[in-house]
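J.: Sending over a structure as structure tokens; questions will come in a sec.
Residue numbers (the working numbering): 20 to 85.
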């Protein structure tokens, strides 16, 4: 199984935000943005900050690909 952040990127589009806007508001490093773009694992703390920033749930930003 693989993690997908496509839901996150769609949510950003729906909210009219850029990845750089999210990075600034959620205090994400460029390395973390790169991991998200490559659908690599990021920490739970990072996902919580993203969810807090976007006022959404974990399920709104992460998907599982079988």
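We put the beta carbon where it would ideally sit given N, CA and C, even for glycine.
1. In this structure, how does DSSP classify residue 56 when only helix, strand and coil are distinguished?
2. Around the Cβ of residue 69, are there at least 16 other Cβ atoms within 10 angstroms (buried) or fewer (exposed)?
3. Would you kindly check if the distance between the Cβ of residue 32 and the Cβ of residue 82 is under 9 Å?
4. In the DSSP assignment, find the beta strand (DSSP E) that holds residue 23 and state where it starts and stops.
T.: A quick look at the data gives this:
1. If you number the chain shown from 1, residue 56 lands on position 37. Helix, per DSSP.
2. The residue labelled residue 69 in the question sits at position 50 within the chain shown. Per the 10 Å Cβ criterion, buried.
3. Counting from 1 along the chain shown, the entry for residue 82 is found at position 63. Counting from 1 along the chain shown, the entry for residue 32 is found at position 13. Cβ distance not < 9 Å, so residue 82 and residue 32 don't count as in contact.
4. Taking the first residue of the chain shown as 1, we reach residue 23 at position 4. It spans 21-23 - the beta strand (DSSP E) in which residue 23 sits, taken as one unbroken run.
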